[in-house]
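Below is one structure, written out as C-alpha coordinates; comments come after it.
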Amino acid sequence: MGQVNASYPNQTMWITEFGLPQQSAAATTEFFNQSLSYFDRTPFVTHYSWFGAFRADVSNVGPNSALLTSKGKLTDMGVSYVGLTDAEAAKISGASTTTIFAGWTMAILAVMFWTLA
(Lines of atoms letter the chains of each structure in order from A and count residues from 1; the text may use other names and numbers.)
(Lines give C-alpha, C1' and ligand atoms only; values in the text may rest on other atoms or scores of the structure.)
Protein backbone atom coordinates (compact mmCIF):
# COMPACT_ATOMS: atom_id res chain seq x y z
CA MET A 1 0.00 0.00 0.00
CA GLY A 2 2.78 2.37 0.90
CA GLN A 3 4.67 1.76 -2.34
CA VAL A 4 1.55 2.28 -4.45
CA ASN A 5 0.71 5.45 -2.55
CA ALA A 6 4.29 6.72 -3.00
CA SER A 7 4.03 6.12 -6.76
CA TYR A 8 0.58 7.73 -7.01
CA PRO A 9 0.38 10.20 -4.11
CA ASN A 10 -2.69 12.05 -5.42
CA GLN A 11 -4.82 8.93 -5.83
CA THR A 12 -7.12 7.26 -3.34
CA MET A 13 -7.12 3.54 -2.69
CA TRP A 14 -9.86 0.94 -2.34
CA ILE A 15 -8.96 -2.20 -0.39
CA THR A 16 -11.13 -5.06 -1.57
CA GLU A 17 -11.64 -8.54 -0.23
CA PHE A 18 -9.23 -8.51 2.68
CA GLY A 19 -9.56 -11.08 5.45
CA LEU A 20 -7.84 -13.78 7.50
CA PRO A 21 -9.19 -17.16 6.35
CA GLN A 22 -9.31 -20.39 8.32
CA GLN A 23 -7.93 -18.95 11.57
CA SER A 24 -9.08 -18.93 15.18
CA ALA A 25 -11.78 -16.53 16.32
CA ALA A 26 -9.26 -14.61 18.45
CA ALA A 27 -6.74 -14.21 15.61
CA THR A 28 -9.45 -13.24 13.10
CA THR A 29 -11.01 -10.68 15.44
CA GLU A 30 -7.63 -9.13 16.23
CA PHE A 31 -6.75 -8.89 12.52
CA PHE A 32 -10.20 -7.47 11.74
CA ASN A 33 -9.99 -4.79 14.43
CA GLN A 34 -6.41 -3.80 13.58
CA SER A 35 -7.17 -3.64 9.86
CA LEU A 36 -10.27 -1.47 10.23
CA SER A 37 -8.46 0.84 12.63
CA TYR A 38 -5.54 1.20 10.22
CA PHE A 39 -7.74 1.79 7.15
CA ASP A 40 -9.89 4.33 9.01
CA ARG A 41 -6.88 6.44 9.96
CA THR A 42 -5.08 6.15 6.59
CA PRO A 43 -6.05 9.20 4.52
CA PHE A 44 -5.54 7.65 1.09
CA VAL A 45 -7.75 4.61 1.88
CA THR A 46 -11.29 5.69 1.06
CA HIS A 47 -13.08 2.33 0.79
CA TYR A 48 -12.54 -1.18 2.08
CA SER A 49 -14.43 -4.45 1.99
CA TRP A 50 -14.06 -7.40 4.35
CA PHE A 51 -14.14 -10.78 2.59
CA GLY A 52 -16.66 -12.62 4.70
CA ALA A 53 -20.02 -10.96 4.14
CA PHE A 54 -21.85 -14.26 4.07
CA ARG A 55 -23.30 -16.82 6.46
CA ALA A 56 -20.94 -18.76 8.72
CA ASP A 57 -22.24 -22.17 7.60
CA VAL A 58 -21.46 -21.55 3.92
CA SER A 59 -18.25 -19.60 4.37
CA ASN A 60 -15.34 -20.78 2.25
CA VAL A 61 -12.91 -18.82 4.43
CA GLY A 62 -14.02 -20.34 7.73
CA PRO A 63 -16.81 -19.52 10.15
CA ASN A 64 -14.68 -17.05 12.11
CA SER A 65 -14.43 -14.69 9.12
CA ALA A 66 -18.17 -14.52 8.46
CA LEU A 67 -20.13 -11.36 9.20
CA LEU A 68 -23.39 -13.31 9.47
CA THR A 69 -24.36 -16.30 11.58
CA SER A 70 -25.82 -19.40 9.94
CA LYS A 71 -29.26 -17.91 10.68
CA GLY A 72 -28.44 -14.63 8.90
CA LYS A 73 -27.93 -12.49 12.01
CA LEU A 74 -24.93 -10.19 12.30
CA THR A 75 -21.96 -11.63 14.16
CA ASP A 76 -20.03 -9.39 16.57
CA MET A 77 -17.64 -8.57 13.72
CA GLY A 78 -20.64 -7.89 11.47
CA VAL A 79 -22.06 -5.43 13.99
CA SER A 80 -18.70 -3.68 14.22
CA TYR A 81 -18.23 -3.66 10.43
CA VAL A 82 -21.51 -1.93 9.71
CA GLY A 83 -20.89 0.52 12.56
CA LEU A 84 -23.83 -0.30 14.81
CA THR A 85 -24.00 0.48 18.49
CA ASP A 86 -24.89 -2.33 20.89
CA ALA A 87 -28.43 -0.93 21.19
CA GLU A 88 -28.87 -0.81 17.41
CA ALA A 89 -27.52 -4.35 17.06
CA ALA A 90 -29.95 -5.62 19.72
CA LYS A 91 -32.83 -3.92 17.93
CA ILE A 92 -31.87 -5.51 14.60
CA SER A 93 -31.41 -8.97 16.08
CA GLY A 94 -35.11 -9.00 16.94
CA ALA A 95 -36.23 -7.77 13.51
CA SER A 96 -37.63 -10.13 10.93
CA THR A 97 -35.54 -11.16 7.94
CA THR A 98 -37.99 -9.37 5.63
CA THR A 99 -37.60 -6.13 7.56
CA ILE A 100 -33.82 -6.35 7.48
CA PHE A 101 -33.81 -7.20 3.77
CA ALA A 102 -36.11 -4.27 3.00
CA GLY A 103 -33.91 -1.93 5.02
CA TRP A 104 -30.72 -3.04 3.28
CA THR A 105 -32.43 -2.86 -0.11
CA MET A 106 -33.39 0.75 0.54
CA ALA A 107 -29.86 1.58 1.70
CA ILE A 108 -28.32 0.02 -1.42
CA LEU A 109 -30.78 1.81 -3.71
CA ALA A 110 -30.05 5.12 -1.99
CA VAL A 111 -26.30 4.64 -2.50
CA MET A 112 -26.86 3.71 -6.16
CA PHE A 113 -28.93 6.81 -6.82
CA TRP A 114 -26.45 9.01 -4.95
CA THR A 115 -23.54 7.52 -6.94
CA LEU A 116 -25.28 7.93 -10.30
CA ALA A 117 -26.48 11.47 -9.59
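Just so you know, we're using this note's numbering here: the sequence shown kicks off at 1 and counts up by one.
The beta carbon of each residue, even a glycine, is placed where N, CA and C say it ideally should be.
Just so it is clear, the structure is predicted and the values come from calculations on it, not from any experiment.
Residue i lies in the alpha helix (DSSP H); which residues open and close that run?
| i | result |
| --- | --- |
| THR85 | Counting along the chain, THR85 falls outside any alpha helix (DSSP H), and DSSP gives it neither H nor E. |
In the DSSP output, which residue or residues are listed as bridge partners for residue i?
| i | result |
| --- | --- |
| ARG41 | Per DSSP, none; premise fails for ARG41. |
| LEU74 | LEU68 |
Between residue i and residue j, is the Cβ-Cβ spacing less than 8 angstroms?
| i | j | result |
| --- | --- | --- |
| VAL79 | ALA89 | yes |
| GLY62 | GLN34 | no |
| PHE18 | TYR38 | no |
| PHE54 | LEU74 | no |
| ALA27 | LEU20 | yes |
| THR16 | MET77 | no |
By the three-class DSSP mapping on this structure, what secondary structure does residue i have?
| i | result |
| --- | --- |
| PHE32 | helix |
| TYR48 | strand |
State the start and end residues of the unbroken beta strand (DSSP E) segment that holds residue i.
| i | result |
| --- | --- |
| MET13 | 13 to 18 |
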